[in-house]
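Data block below; observations after.
What follows is the structure in structure tokens.
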């Protein structure tokens with residue numbers, strides 16, 4: 053399945069956000085893959101961040117990562133950089149952007 057998400061980086065933290073993503077811990081990327089993600093891309097327009105991830109089951113992915121120490125540490129780091137954060141709770145599974153149109 054594909055899931056599109058929207059988050060927002062703090063205007064004064066854009067450079068730090070991008071720097072952090074050049075150094076995503078290998079343990080975190082391994083955990084994301086182990087949780088079922090096959091790809092995850094983030095685009096930025098100003099302070100708006102648009103994520104597209106592909107995974108087997110988004111709710112299961114969130115459940116696998118929610119309390120995983122490497123993800124908890126990463127989310128704490130991101131909380132300092134974001135105005136609108138990604139929700140790793142059970143409620144977060146419904147936070148995907150709705151599809152409006154898709155080229156058939």
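Residue numbers (this note's numbering): 53 to 156. Virtual Cβ for every residue (Gly too), placed ideally from N, Cα, C. Quantities reported herein were computed from a predicted structural model and do not represent experimental measurements.
Residue span of the beta strand (DSSP E) that contains residue i, given as start and end
i, result
"residue 92", "89-97"
Residue burial classification, residue i (beta-carbon count within 10 angstroms, cutoff 16)
i, result
"residue 59", "buried"
"residue 153", "exposed"
"residue 149", "exposed"
"residue 157", "In the structure as shown, the chain begins at 53 and stops at 156. Residue 157 is therefore absent and cannot be evaluated."
"residue 126", "buried"
Coil, strand or helix - residue i by DSSP
i, result
"residue 70", "helix"
"residue 122", "helix"
"residue 147", "coil"
"residue 54", "strand"
Which listed residue (the options) has its alpha carbon closest to that of residue i
i, options, result
"residue 143", "55, 111 and 64", "111"
"residue 64", "140, 146, 133 and 94", "133"
"residue 76", "92, 62 and 61", "92"
N- and C-terminal bounds of the alpha helix (DSSP H) containing residue i
i, result
"residue 78", "78-86"
"residue 185", "Outside the shown range of the chain (53 to 156) lies residue 185, about which nothing can therefore be said."
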